[in-house]
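A.B. asks:
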Amino acid sequence: MQSSWRRLARETVSKWQTTCFRPSNFCLKRTKLSLFHHQHFRSIHAVAHAQQATSSHPPLDAGLHQTLRRAGREHAQEESDSPLPPARIASAAAQAVRFSVASGELPEAFLVLNSIHHANNKSTTTLLIDKLSGLVPFSAFKQSAIPFQEGTPIRLVSHSLLHSLLRHGHHDQAARLAEQLMQQGIRVHSKSLDLVFAALTNPKSTFKTLPPPIQPFTSNILSATPSHTRIQHAGGAFALRLLDIARQSGHRRTRNMFKTLITLCVINGEIIAASLIFGLLVRHWNKQVEADMAQNNVPETEGLTIRQAIKYRVTAWPSESRLDEILESINTGLSYKGEGVWGYYDDSLQALANLGVLLDHRLIPFASLSELIRLLSRGTQLAGFVEVPDEPGGPTRKVRASLYFSQVLTRLIQDLPSVEVEHASFRPPIKQNGGHMPALDLPSYNRLLRFAFEHRDWKQLSGTIWEHMVHQRSPPLKPDRYTVNIYQQAAANLKDPELWAHASHFSGISKPKQSNPESLLEEYAATLRVRNQSTNEFVTKIDFLVSSGAPKLAARYFLSYLPGSNSVDKPAESVDQKVRIKNLKRAAQHGPRLFVSALNALMKAGRFATAEKVFLWGKKAELLSWEDRRIPAWVLPIEAYTIMLWVCEGQIRRYLVRAKAFSTYGSTRTRRRAEQNLDEAKAFHRAARLVFKTAIKDAKKFAGRKPRSRKFHRDHKPLAADALFFNAALSARLNGTG
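Going by my numbering, the letters in the sequence shown line up with residues 184 to 921, in that order.
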């Protein structure tokens with residue numbers, strides 16, 4: 184080993200005054216002494232030189248001896264009497280480790296760390312790190328071990344080695360090192376573990392030397408551990424292993440660790456694994472809260488920020504943003520049922536069931552669960568089977584997904600948590616709530632009401648929700664405009680005037696002029712004229728009317744909310760330019776969702792000419808949102824182009840049928856009318872081709888528009904053609920259109 188130490192000595196002497204990057208937050212003040220300037224390391228060299236007869240390595244040359252002696256004389260006063268403090272020795276060893284890794288001599292760096300561990304544990308017969316490449320067995324290690332003095336700190340050297348491996352791209356070795364350090368009881372700082380997790384969960388990284396997961400897969404979210412979860416990405420699988428080792432060894436698991444793991448699973452489409460990791464996060468956090476309650480160690484969070492209140496926690500705090508990320512992926516996956524993506528649909532259904540299990544056992548410590556309730560309610564209409572556990576640690580059973588989701592929501596309605604808890608994640612479970620989940624917020628109650636009105640026992644369920652929301656909950660909640668809208672929709676859909684009267688009682692809206700249940704839908708459509716309603720509320724009403732089979736009612740009123748859209752083809756002098764610009768800015772501020780709903784209503788109402796005007800108005804508003812930086816930017820989604828293709832397809836089919844009918848007659852008049860209808864069909868075919876090319880062109884154009892300081896509309900999403908768009912193009916006879 185002397186040749187390597189000779190090289191290290193030259194480097195340390197030549198880099199005497201060089202400032203190196205600090206590898207961790209634990210580094211002591213860097214000493215100016217290089218490795219071979221110390222008495223202890225000179226004695227190490229003497230031992231190695233004494234064993235020259237049994238070693239194959241040549242001795243240090245005379246020039247290097249002179250260099251070391253000259254360097255030693257410069258620090259003779261510091262090393263004359265007392266031995267060097269252990270902290271200074273550890274600092275010098277850390278410097279040698281960094282130089283070794285930078286030079287590619289990993290075995291030399293591992294030798295330093297193993298030697299310090301052996302000096303502090305003379306009775307041990309194993310190495311601190313023995314699973315890394317280039318290491319010698321313990322029997323051979325004794326001959327080449329560096330004789331450090333007992334009590335030399337090891338954390339500085341271990342963290343220097345860990346950060347050096349990460350800095351120079353040895354991510355596999357860094358992961359193995361972190362694993363063995365935690366298994367040997369050496370504390371690894373949470374920020375260092377964060378860096379290891381970030382390297383392991385990089386989707387672009389590949390890890391050939393890490394072992395693949397071999398444990399069987401389980402969907403029991405109440406008892407699943409990271410070692411039981413199968414992840415295809417080797418780095419992510421090993422990160423899960425490190426997470427379990429960190430839990431067993433008492434290391435702090437940070438939010439960044441769970442965030443990177445869940446994000447990796449979502450990116451790779453492994454949504455089941457993401458839900459299980461979230462379940463693990465929630466269960467570990469709840470256990471920590473219960474343990475603190477048993478020890479009477481519940482912290483006071485009043486006046487503290489979330490960051491300050493969770494500093495002492497060993498387990499990461501479950502974040503609502505992680506749940507939202509998983510729910511967004513589930514929502515996307517449930518939209519795919521076609522051939523080739525059925526597995527993604529099944530995985531999303533199972534992941535939703537996993538979250539439903541957490542909700543059913545009151546383990547989610549969040550008050551805002553409206554999106555989860557919405558997806559569970561949507562799942563009651565979906566086909567498929569899921570596996571759910573009856574109890575923690577027990578076997579899973581296969582059930583119909585729609586039935587299970589309905590049962591979960593029904594049980595929640597029948598036993599709603601009653602007490603509102605501020606910072607519920609930090610508080611012990613309240614007996615009245617039946618678990619860790621606090622009382623729900625108003626949007627969650629509204630989602631439950633929507634589910635109840637779609638259920639066959641809607642009267643009982645909706646009455647239970649209403650009674651709990653306004654009377655039993657502490658504190659009670661007052662219904663908002665969305666609650667009123669839900670009752671109005673239910674009254675129109677179920678043709679129940681009592682529901683409309685109930686909504687009128689607590690909202691102050693007018694009662695229906697007629698008692699006929701058939702008129703309730705028209706009364707509901709008239710609410711579109713109410714002023715000062717949000718875009719989301721207006722769009723919800725339009726979509727409900729369309730889904731209820733009354734698109735003409737929606738088309739009758741929506742122009743009042745979108746002024747100017749029906750005058751895009753009028754001469755400029757007929758419309759005041761200032762009013763036109765004002766209306767266009769207002770349309771741009773509404774965002775793209777309003778245009779999609781309006782186009783859908785107009786298409787189903789058969790008002791194709793108005794649909795064309797609204798589409799052109801939407802394109803102008805889209806352009807203005809990019810030109811005026813005071814307006815959040817957005818683009819018309821692919822659904823708008825798909826609807827216009829269906830509009831063109833309907834018109835093409837209509838005029839072709841007419842042309843064929845007139846062509847059967849032999850008169851000059853009928854032939855002329857047949858030609859006119861054929862020309863109209865060709866015109867709509869050209870329009871469809873233009874819509875198709877515009878969508879493809881805009882998808883490429885807006886893909887590059889991503890200024891750093893640009894603010895996007897909340898309904899903005901990248902323009903990308905999907906299967907429905909191409910199906911509409913084929914129906915419009917656009918075969919071969921590029």
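Cβ atoms here follow ideal geometry from the backbone N, Cα and C, with glycine treated the same way.
Only a predicted model underlies this, so the values are computations on that prediction, with no experimental measurement involved.
Determine the contact status of A622 and V604, defining contact as a CB-CB distance below 9 Å.
C.D. replies: It is a contact, given that the beta carbons lie within the stated cut-off.
A.B. asks: Is any non-hydrogen atom of the ligand ADP found closer than 8 Å to the C-beta of A673, if you look at the structure I gave you?
C.D. replies: What this structure holds is no ligand at all, so the ligand ADP is not there to describe.
A.B. asks: With 16 other CB atoms within 10 Å as the buried threshold, where does A844 fall?
C.D. replies: Exposed.
A.B. asks: Specify the secondary structure class of R852 as computed by DSSP and reduced to three states.
C.D. replies: R852 falls in the helix class under three-state DSSP.
A.B. asks: Would you mind stating whether V729 and N783 have Cβ atoms separated by less than 9 Å?
C.D. replies: A contact, by the Cβ cut-off of 9 Å.
A.B. asks: Using C-beta distances below 6 Å, list every residue in its chain close to S560, excluding the 5 sequence neighbours before and after it, in chain order.
C.D. replies: Excluding residues within five positions, the ones whose Cβ falls inside 6 Å are F634.
A.B. asks: For L922, which residues in the same chain have their Cβ closer than 7 Å to its Cβ, ignoring the five residues on either side in sequence?
C.D. replies: Because the chain spans 184 through 921 in this model, residue 922 falls outside it and cannot be assessed.
A.B. asks: By DSSP, does E570 sit in helix, in strand, or in coil?
C.D. replies: Strand.
A.B. asks: With distance defined between alpha-carbon atoms, name the residue in H351, L861, I460, R424 nearest to A361.
C.D. replies: Minimum Cα distance to A361 is reached at R424.
A.B. asks: Let me check understanding here. Comparing Cα to Cα, which of F727, C448, W817, I513 lies closest to F895?
C.D. replies: For F895, the nearest C-alpha among the options comes from W817.
A.B. asks: I922 bridges to which residues according to DSSP?
C.D. replies: The question about residue 922 has no answer here: the residues shown for the chain are numbered 184 through 921.
A.B. asks: Is there a Cβ of chain C sitting closer than 9 Å to that of H342, yes or no?
C.D. replies: Going by chain labels, chain C is absent from the structure shown, which holds only one protein chain.
A.B. asks: In chain order, what residues of the same chain lie with their CB nearer than 6 Å to the CB of G801, ignoring the 5 residues before and after it?
C.D. replies: Excluding residues within five positions, the ones whose Cβ falls inside 6 Å are F778, L819.
A.B. asks: Along the beta strand (DSSP E) that carries V602, what are the first and last residues, could you check?
C.D. replies: That residue, V602, is in no beta strand (DSSP E); it is neither H nor E in DSSP.
A.B. asks: How would you write the range of the alpha helix (DSSP H) that K768 sits in, first residue to last?
C.D. replies: Per DSSP, K768 belongs to the alpha helix (DSSP H) from 760-773.
A.B. asks: Can you tell which of A912, D881, A911 has its C-alpha closest to the C-alpha of A903?
C.D. replies: Checked all of A912, D881, A911; the closest Cα to A903 is D881.
A.B. asks: Three or more beta-carbon pairs under 8 Å between the region 335-347 and the region 263-283, yes or no?
C.D. replies: Taking 8 Å as the limit for Cβ pairs, the verdict is that the region 263-283 does touch the region 335-347.
A.B. asks: Please report how far the alpha carbon of G789 lies from the alpha carbon of E832, in whole angstroms.
C.D. replies: If I take the Cα positions, the gap works out to 12 Å.
A.B. asks: Inspect the beta-carbon positions of I404 and E453 and report whether they are closer than 9 Å.
C.D. replies: It is not a contact, given that the beta carbons lie outside the stated cut-off.
A.B. asks: Any idea what DSSP makes of S717, helix, strand or coil?
C.D. replies: Three-state result, S717: coil.
A.B. asks: Pick from A382, A770, P659: whose alpha carbon is nearest that of V797?
C.D. replies: The shortest C-alpha separation from V797 is found at A770.
A.B. asks: Identify whether L345 lies in helix, strand or coil by the three-state DSSP scheme.
C.D. replies: L345 falls in the helix class under three-state DSSP.
A.B. asks: Can you tell me where the alpha helix (DSSP H) holding V591 begins and where it ends?
C.D. replies: Taken as a continuous stretch (DSSP letters only), the alpha helix (DSSP H) holding V591 covers 584-597.
A.B. asks: Going by beta carbon distance, what residues of the same chain come within less than 8 Å of S743, once the five residues before and after it are set aside?
C.D. replies: Closer than 8 Å at Cβ, skipping near neighbours: L711, R712.
A.B. asks: Rounded to whole angstroms, how far is the Cβ of L799 from the Cβ of K768, which I believe are closer than 8 Å?
C.D. replies: No, L799 and K768 are not in contact; Cβ-Cβ is about 17 Å, not under 8 Å.
A.B. asks: Alpha carbon to alpha carbon, how far is T793 from D752? Give it in angstroms, no decimals.
C.D. replies: Its pLDDT being 46, under 50, D752 is placed unreliably by the model, and the measurement read from it follows with that caveat. About 11 Å.
A.B. asks: Excluding five sequence neighbours on each side, which residues of the same chain lie with their C-beta closer than 6 Å to the C-beta of L682?
C.D. replies: Correct list, in chain order: Y670, A673, A674.
A.B. asks: Taking only the alpha-carbon atoms, compute the straight-line gap between Q859 and V874 and give it to the nearest angstrom.
C.D. replies: Each residue's alpha carbon lies about 23 Å from the other.
A.B. asks: Let me know if R435 comes out buried or exposed under the rule of 16 or more other beta-carbons within 10 Å of its beta-carbon.
C.D. replies: The residue in question, R435, is buried, as its Cβ has 16 or more Cβ neighbours within 10 Å.
A.B. asks: Could you check what DSSP says for R869 in three-state terms: helix, strand or coil?
C.D. replies: It is helical.
A.B. asks: Exposed or buried, T851, counting other C-beta atoms within 10 Å across all chains shown (16 or more means buried)?
C.D. replies: By the neighbour-count rule (16 or more Cβ atoms within 10 Å), T851 is not buried but exposed.
A.B. asks: Run through DSSP, which three-state label would T579 get?
C.D. replies: Three-state result, T579: strand.
A.B. asks: May I ask which residues mark the beginning and end of the alpha helix (DSSP H) holding N439?
C.D. replies: Run containing N439: 438-450, per the alpha helix (DSSP H) assignment.
A.B. asks: Check each candidate in L510, N469, F689, D427 and name the one with the smallest Cα separation from C448.
C.D. replies: The option with the nearest alpha carbon to C448 is L510.
A.B. asks: Have a look at L171 and R271 and give me their C-alpha separation to the nearest angstrom.
C.D. replies: Residue 171 is absent from the structure shown; the chain starts at 184 and stops at 921.
A.B. asks: Just the Cα atoms here: how many angstroms apart are P658 and E574?
C.D. replies: Distance between the alpha carbons of P658 and E574 is about 32 Å.
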